[in-house]
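Counting from 1, one number per residue, gives the positions in the sequence shown under the UniProt record's numbering. All residues carry an ideal CB built from backbone N, CA and C; glycine is no exception. A short worksheet on the structure shown next.
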Amino acid sequence: MKYSLTERTFINTEILRHGKQLSVSYLLLIFLGFFGLHHIYLEEKMLGIIKLLLTLTGIITLPFFIGSILLMLVALWLIIDAFFIFKKVERMNSQLEQSLKRYVDQLKTK
1 MKYSLTERTF
11 INTEILRHGK
21 QLSVSYLLLI
31 FLGFFGLHHI
41 YLEEKMLGII
51 KLLLTLTGII
61 TLPFFIGSIL
71 LMLVALWLII
81 DAFFIFKKVE
91 RMNSQLEQSL
101 KRYVDQLKTK
């Protein structure tokens with residue numbers, strides 16, 4: 001469907017306001033990734049909470065062998081996240097764009 005300049009401006013503005021930024025995602029991953037904040041930013045709250053709990057458990061049990069294993073698993077998880085975070089952000093912004101286009105289409109039919 002063709003969109004007017006005003007409609008495209010509205011869609012792009014809303015994506016900028018409410019979409020997820022790749023740079024913010026990577027900064028959260030790099031600096032606060034062990035606490036799962038990049039997952040929370042990407043609206044994956046349960047994964048963020050799980051990662052936070054694993055990290056805290058790993059820190060608490062660090063004097064024992066289990067703590068270092070847990071922290072290594074979280075570190076491996078962070079490395080894997082670094083490869084997939086681009087697609088997650090792209091998918092979320094694409095879904096937002098599609099919902100905004102549906103909204104504009106509904107306004108046109110009224």
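key: Supposed contact pair Gly33 and Ile40 - C-beta distance, whole angstroms, cut 8 Å   = As a position in the sequence shown, residue 40 is number 40, starting the count at 1. As a position in the sequence shown, residue 33 is number 33, starting the count at 1. Wrong, their Cβ atoms sit about 11 Å apart, outside the cutoff.
request  = Can you tell me which of the three DSSP states Phe64 falls into?
outcome  = Position 64 of the sequence shown, counted from the first residue, corresponds to residue 64. Coil, per DSSP.
request  = Write down the C-beta distance between Thr61 and Leu52 rounded to the nearest angstrom, noting that I regard them as a contact closer than 8 Å.
outcome  = One-based indexing of the sequence shown puts residue 61 at position 61. One-based indexing of the sequence shown puts residue 52 at position 52. Actually they do not touch by this definition, with Cβ atoms about 15 Å apart.
query = Could you give the C-beta distance for Val24 and Leu54, rounded to a whole number, given that I count them as a contact under 8 Å?
reply = If you number the sequence shown from 1, residue 24 lands on position 24. If you number the sequence shown from 1, residue 54 lands on position 54. Rounded to the nearest angstrom, the Cβ distance from Val24 to Leu54 is 23 Å, too far for a contact under 8 Å.
Contained beta strand (DSSP E) runs [length at least 3] in the UniProt domain "TM2" (19-68), N- to C-terminal order = Runs of the beta strand (DSSP E) spanning 3 or more residues and lying entirely within the UniProt domain "TM2" (19-68) do not occur at all.
key: Cβ neighbours of Pro63 in the same chain (closer than 8 Å, five flanking residues each side left out)   = If you number the sequence shown from 1, residue 63 lands on position 63. Correct list: empty, nothing qualifies.
ask   = Apart from the five residues on each side of it in sequence, which residues of its chain come closer than 7 Å, Cβ to Cβ, to Glu97?
value = Stepping through the sequence shown from its first residue, residue 97 is reached at position 97. Around Glu97: Ile11, Ile15.
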